[in-house]
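Enquirer:
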Amino acid sequence: MQYDPIKRILGAAFNKTPFLRRLFYNLLDLLLLRTWHVHKELRAWAGNKRNQPIHILDAGSGYGQYTYYLSGMSTKWRILAVDVKEEQIADSNRFFAQIGRPHVRFAVADLVTFQQPETYDLALSVDVMEHILEDVEVFKNIHASLKKGGMLLISTPSDQGGSDVHDNDESSFIEEHVRDGYNINEIADKLKIAGFDKVQARYSYGQPGQISWRLSMKYPILMLGKSKAFFVILPFYYLVTFPFCLILNWLDANNNHSTGTGLIVKAWK
Numbered sequence: 001m002q003y004d005p006i007k008r009i010l011g012a013a014f015n016k017t018p019f020l021r022r023l024f025y026n027l028l029d030l031l032l033l034r035t036w037h038v039h040k041e042l043r044a045w046a047g048n049k050r051n052q053p054i055h056i057l058d059a060g061s062g063y064g065q066y067t068y069y070l071s072g073m074s075t076k077w078r079i080l081a082v083d084v085k086e087e088q089i090a091d092s093n094r095f096f097a098q099i100g101r102p103h104v105r106f107a108v109a110d111l112v113t114f115q116q117p118e119t120y121d122l123a124l125s126v127d128v129m130e131h132i133l134e135d136v137e138v139f140k141n142i143h144a145s146l147k148k149g150g151m152l153l154i155s156t157p158s159d160q161g162g163s164d165v166h167d168n169d170e171s172s173f174i175e176e177h178v179r180d181g182y183n184i185n186e187i188a189d190k191l192k193i194a195g196f197d198k199v200q201a202r203y204s205y206g207q208p209g210q211i212s213w214r215l216s217m218k219y220p221i222l223m224l225g226k227s228k229a230f231f232v233i234l235p236f237y238y239l240v241t242f243p244f245c246l247i248l249n250w251l252d253a254n255n256n257h258s259t260g261t262g263l264i265v266k267a268w269k
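The opening position of the sequence shown corresponds to residue 1 in full-length UniProt numbering, with each subsequent residue numbered one higher.
(1) What do you reckon, is the C-beta of F19 under 6 Å from a heavy atom of the ligand ADP?
(2) DSSP state of S145, grouped into three classes?
(3) Would you mind sorting G72 into buried or exposed? The rule is 16 or more other CB atoms within 10 Å of its CB.
(4) Can you tell which of T261, P18, I154 has the C-alpha that lies nearest to the C-alpha of I211?
(5) With burial defined as no fewer than 16 other Cβ atoms inside 10 Å of the residue's Cβ, what is the status of K140: buried or exposed?
(6) Buried or exposed for L239, please, with buried defined as at least 16 other CB atoms from any protein chain shown within 10 angstroms of its CB.
(7) May I have the straight-line CA-CA distance separating K85 from G225, to the nearest angstrom?
(8) Please classify R179 as buried or exposed, where buried requires at least 16 other C-beta atoms within 10 Å of its C-beta.
(9) Below 8 Å on the Cβ atoms is my guess for V108 versus R34; work out the distance and round it to an integer in Å.
(10) DSSP state of L224, grouped into three classes?
(11) Can you name the start and end residues of the alpha helix (DSSP H) that V232 belongs to?
(12) Tell me H55's beta-bridge partners as DSSP assigns them.
(13) Closest to G161 by CA distance: which of T259, F14, A46, A253 is it?
(14) With a 10 Å radius around its C-beta and 16 neighbouring C-beta atoms as the bar for buried, classify F244 as buried or exposed.
(15) Can you tell which of L234, P157, P235 has the C-alpha that lies nearest to the C-alpha of G206?
(16) From residue 280 to Y219, what distance separates their C-alpha atoms?
(17) Give me, in chain order, the residues of the same chain whose beta-carbon lies closer than 6 Å to that of Q98; leave out the 5 immediate sequence neighbours on both sides.
(18) Do I54 and W36 have their C-beta atoms within less than 7 Å of each other?
(19) Do V265 and A201 have their beta-carbon atoms positioned less than 7 Å apart in this structure?
(20) Report the residue from A267, S204, P235 whose alpha carbon sits nearest the alpha carbon of A253.
(21) Comparing C-alpha positions only, which one of K269, K16, N26 sits nearest to K148?
(22) Looking at the structure shown, is A194 part of a helix, part of a strand, or coil, going by DSSP?
(23) How should L222 be labelled, buried or exposed, when 16 other C-beta atoms within 10 angstroms of its C-beta is the threshold for buried?
(24) In this structure, how does DSSP classify R50 when only helix, strand and coil are distinguished?
(25) If we count the other Cβ atoms within 10 Å of its Cβ and call it buried at 16 or more, is R50 buried or exposed?
(26) Considering only residues of the same chain and omitting the five flanking positions on each side of residue 271, which have a CB-CB separation below 6 Å?
(27) I think K70 touches L42, with their Cβ atoms under 8 Å apart; what is that distance to the nearest whole Å?
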């Protein structure tokens, strides 16, 4: 299943006005379980830093929803968001200028080569590393770009069924993935090879999250992949499933999981 064409359709629909883009971000925040986990970690990291001159790197910004969230937490924070997709970068720069957030800048960059030594207090990489083969090189670049004591926050699929792969005979649900998921020890080892002093990793997408993901993401994406006509049906589909997904997301984000199809990883320089 190719996810990028559907993302382009959604982006075109919600980029028409700043109001629609804000609405899109709010919907993603509610529907995407990884957002619940990432926001929780970002709030914990922010602590008493909201009045400090912080520099943040959004490494693989996508639609820009995490930059939007962070830029709303403090105007004192300076955020650089980078991605390889020029169209998304242009759309994001236009949107953030329209809503008056000059402390944010988007730029085209390849994480395999991008490096700005000793610049950032926080780096964020949400559902990016499963798309990049040269992961250790990226980790080394981010490590070099962080200040001493800086933190990298990663959300990525695990090898416990991430990308909806459950045995060696199955292929990734998302064809753009170069790996089906990380072993929790493997990613910690790679981060230490890249130079990080301390690594903490935990599972996300436990049993509640896996059910929510299928209801809120997998089945709608499969429907849209078959025909664009399903866009008409989607509002009615979510009208029924949305309340259940909210409860499942809350349960997943507020409980510890012995295993799960996602990983939340924090690493410090």
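The C-beta atom is built at its ideal place from N, Cα and C for all residues, glycine as well.
Expert: Once the coordinates are examined:
(1) Because no ligand of any kind appears in the structure shown, any question about the ligand ADP cannot be addressed here.
(2) helix
(3) exposed
(4) T261
(5) buried
(6) exposed
(7) 21 Å
(8) buried
(9) The pair is not a contact, with the Cβ atoms about 24 Å apart (cut-off 8 Å).
(10) helix
(11) 230–253
(12) R78
(13) T259
(14) exposed
(15) P157
(16) The structure shown does not extend to residue 280, since the chain is modelled only from 1 through 269, so no value can be given for it.
(17) P18
(18) no
(19) yes
(20) S204
(21) K269
(22) coil
(23) exposed
(24) coil
(25) exposed
(26) Not covered by the structure: residue 271. The range shown for the chain is 1 to 269.
(27) Reading the sequence as shown, one finds Leu at residue 70 and not Lys. Correct: roughly 7 Å between the Cβ atoms.
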